[in-house]
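Keeping their order, the protein sequence lines are chains C and U. Our numbering applies: residue 216 is where the first sequence begins, and numbers increase by one. Our numbering applies: residue 44 is where the second sequence begins, and numbers increase by one. All C-beta atoms, glycine included, are put in the ideal place defined by N, C-alpha and C. Some notes on the structure that comes next.
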Amino acid sequence: MNLDGKLEVTGLSDVGRKRSHNEDSIGSDTGIGLAVLADGMGGYRAGEVASAMAVNSIMEEVREGLKQIKKHGDVDEDSGFARESVLVREAITRANETIHKAAISQPQCQGMGTTVVTAMFYDDRMTIAHVGDSRLYRLRASTFEQITVDHSLLQELIDKGFYTPEEAKQSLNKNLVTRAMGIEGSVVPDVQEEAVLPGDVYLLCSDGLTDMVEDEEIHSTLEKHSTNLDTVAAELVRMANANGGKDNVSVVLARALKPFPSSKRSWYSRFFDWFS
Amino acid sequence: MPASLILSLNSSVLGEFPLNKERITLGRKPENDIQVDNLAVSGQHAAIITILSDSFLEDLDSTNGTFVNGKLVKKHALKNGDIISIGKHELKYVNDEASTEDDFEKTMVIRPGMAGHAAAAATANAANNAAATAKPFEAASEGELPLGKIQVLSGPGAGKELELRKALITLGRPGVQVAVITRRPQGYFITHVEGSEPVVNGQSIGAQAHALQDHDVIELAGVKMEYFVMGSGS
Chain C
216 MNLDGKLEVT
226 GLSDVGRKRS
236 HNEDSIGSDT
246 GIGLAVLADG
256 MGGYRAGEVA
266 SAMAVNSIME
276 EVREGLKQIK
286 KHGDVDEDSG
296 FARESVLVRE
306 AITRANETIH
316 KAAISQPQCQ
326 GMGTTVVTAM
336 FYDDRMTIAH
346 VGDSRLYRLR
356 ASTFEQITVD
366 HSLLQELIDK
376 GFYTPEEAKQ
386 SLNKNLVTRA
396 MGIEGSVVPD
406 VQEEAVLPGD
416 VYLLCSDGLT
426 DMVEDEEIHS
436 TLEKHSTNLD
446 TVAAELVRMA
456 NANGGKDNVS
466 VVLARALKPF
476 PSSKRSWYSR
486 FFDWFS
Chain U
44 MPASLILSLN
54 SSVLGEFPLN
64 KERITLGRKP
74 ENDIQVDNLA
84 VSGQHAAIIT
94 ILSDSFLEDL
104 DSTNGTFVNG
114 KLVKKHALKN
124 GDIISIGKHE
134 LKYVNDEAST
144 EDDFEKTMVI
154 RPGMAGHAAA
164 AATANAANNA
174 AATAKPFEAA
184 SEGELPLGKI
194 QVLSGPGAGK
204 ELELRKALIT
214 LGRPGVQVAV
224 ITRRPQGYFI
234 THVEGSEPVV
244 NGQSIGAQAH
254 ALQDHDVIEL
264 AGVKMEYFVM
274 GSGS
């Protein structure tokens, strides 16, 4: 399946205003419908090594793995997930092993790790997978929604009722992630599938954006410039820097332009008959 | 200097307790880290969980409740200067470190087994007490999500069941009304796709994803159906 002309993807990564180097990495391939964003951490320049390894390794694994998938959106009976989801999960697991091996074998890479969020589009739907506190948001019609749930200490405390989301903004433990790639020999990404409608806009971003810019401001920027994703990307980075730019800021934006079903019958028509 | 709690009664100070452990308990019985021997205080009254420089107070379903600055709380993120009241006793939370806000830390990872799971441990410990305050919402990290099921209640397909084994399941009729149920790590969510917004328990869910609860009744394209969590004994 080639998604050129059906999907539009753009990205921008910026060092911000306080850090000396950019530890974020982004990557995308519109043709195969893949977008990846990683926010590295740890050690002397090792953060950018980890995030680049994550992006490159995932892109490579998915590109190769897609060749084995004959029918897009086909469901893997064991897991209930589409084969693309299984592929993305494996790609993240493999990338984790690669980063972890490098981290334990090379002294200058000791302790490095990275978050990751990926979006993979196929058959009028998408697979979203993430580890850590990099996020994916969706703008559909005029509804702006965070689809991923952070793997962060703060999110755990919110879930357990110690904080309301408003109180959490004041917390000191903002930057503690509870899951990351490269830290241990194995990692469990959160994987989910969502239906994609033409006109949907998806935003993958590092915490350098969401710590600096409120969700409502991101939402209104997306709505205002929705016809030009490059403008949205530049504007979001500008806003994060204008508010202090304390961390690296990275965004990847994707918009569904047309339906992209894997067969002539759209994916939902295969399912709706069961109760009629 | 770790944060500490200063215990007082009628304005006279009885003692100071440093919060130097991940979990410190407070209650009438002697096994508590902070013992307050007064009948207004429950045997196991409250716990304070400390993660790095932040501390969290959790009431352990005490009889007379735990108050912070005069307000009844179940769970509370402590701030420097907070006054915790249990019965007539007061504990002042003192944390000088917490006031240095704008010191933007680099992102760090908490490995499993380190303080990151202290919050989980706290909840689990509370569950062990007879008066458990365990929250139904566990961190979405470990464990398999229980399988969900949809049963059709009305229309020609009444009685039919569908196990929600797929990560993405579409319900409804294209051109009329379509919704998808997605299996996220936190549970099953229903989202509007096409037509009017689906109705759950008589209420329109709006444009955002809606988390499904056991026994929710979904109305879609004129068909009523019920959502079950399998293995929940229902």
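The alpha-carbon separation between residue 320(C) and residue 450(C) amounts to approximately 40 Å. Between the alpha carbons of residue 300(C) and residue 440(C) lies a distance of about 31 Å.
Non-local C-beta neighbours of residue 355(C) in its own chain, meaning closer than 7 Å and more than five positions away in sequence, comprise 412, 415, ordered along the chain. The Cβ of residue 300(C) sits closer than 8 Å to at least one Cβ of chain U. Here residue 151(U) carries a strand assignment [DSSP, helix/strand/coil]. Taking all protein chains shown into account, residue 256(C) has 16 or more neighbouring C-beta atoms within 10 Å of its C-beta and is therefore buried. In the structure shown, residue 192(U) adopts extended strand secondary structure according to DSSP, grouped into three states. Separation of the CB atoms of residue 270(C) and residue 228(C) is rounded to 10 Å, and the pair is thereby denied contact status at 8 Å.
Within the same chain, Cβ atoms closer than 6 Å to the Cβ of residue 105(U) are found at 85, 88, the five residues on either side in sequence being excluded. Following the DSSP letters along the chain, one finds residue 252(U) in no alpha helix (DSSP H), marked with neither H nor E.
For residue 352(C), the pairing in a beta bridge is given by DSSP as 361(C), 418(C). Judged by their CB atoms, residue 242(C) and residue 274(C) are nearer to each other than the 8 Å cut-off.
As the crow flies, the alpha-carbon of residue 220(C) is around 55 Å from that of residue 65(U). When the alpha-carbon of residue 325(C) is set against those of 347(C), 261(C), 371(C), the nearest one is in 261(C).
Less than 8 Å separates the beta-carbon of residue 330(C) from that of residue 392(C). Inter-segment contact for the region 463-478 of chain C and the region 52-72 of chain U is absent: fewer than three beta-carbon pairs are separated by less than 8 Å. Partner residues in the beta bridge of residue 345(C), as assigned by DSSP, are 332(C), 405(C).
Taking the Cβ atoms as the reference, residue 264(U) lies roughly 4 Å from residue 220(U), within the contact range of under 8 Å. Within the region 406-427 of chain C, the residues whose Cβ lies closer than 8 Å to some Cβ of chain U are 406, 407, 408, 409, 410, 412, 422, listed in chain order. Put simply, of 74(U), 118(U), 123(U) the residue whose alpha carbon is nearest the alpha carbon of residue 46(U) is 123(U). For the region 316-328 of chain C, the beta-carbon criterion of a distance under 8 Å to any beta-carbon of chain U is satisfied by 328.
Contacts with chain C at 8 Å (Cβ-Cβ) include residue 228(U). Residue contact check for residue 237(C) against chain U: no CB pair falls below 8 Å. In chain order, 295 make up the part of chain C whose C-beta sits under 7 Å from the C-beta of residue 208(U). In the structure shown, residue 446(C) adopts helical secondary structure according to DSSP, grouped into three states. For residue 84(U), no alpha helix (DSSP H) encloses it, and the DSSP letter there is neither H nor E. Counting the other CB atoms within 10 Å of its CB gives residue 438(C) a total below 16, which places it among the exposed residues. Per the coordinates, the alpha-carbon of residue 245(U) lies some 47 Å from the alpha-carbon of residue 279(C). Neighbours of residue 94(U) in chain C, taken as residues whose beta carbon is under 9 Å from its own, are 368, 372, 388, 391 in chain order. If you ignore the 5 residues before and after residue 217(U), its C-beta comes within less than 6 Å of no other C-beta in its own chain.
By DSSP's assignment, residue 94(U) forms a beta bridge with 97(U). The region 246-307 of chain C contains, as complete beta strand (DSSP E) runs of 3+ residues, the segments 249-256 (chain order). Per DSSP, the unbroken alpha helix (DSSP H) holding residue 374(C) starts and ends at 368-374. Identification of chain U residues near residue 290(C) by a Cβ-Cβ cut-off of 7 Å yields 209, ordered along the chain.
A residue is called buried once 16 or more other Cβ atoms fall within 10 Å of its Cβ, and residue 273(U), having fewer, is exposed.
Taking every protein chain shown into account, the CB of residue 54(U) has fewer than 16 other CB atoms within 10 angstroms, so this residue is exposed.
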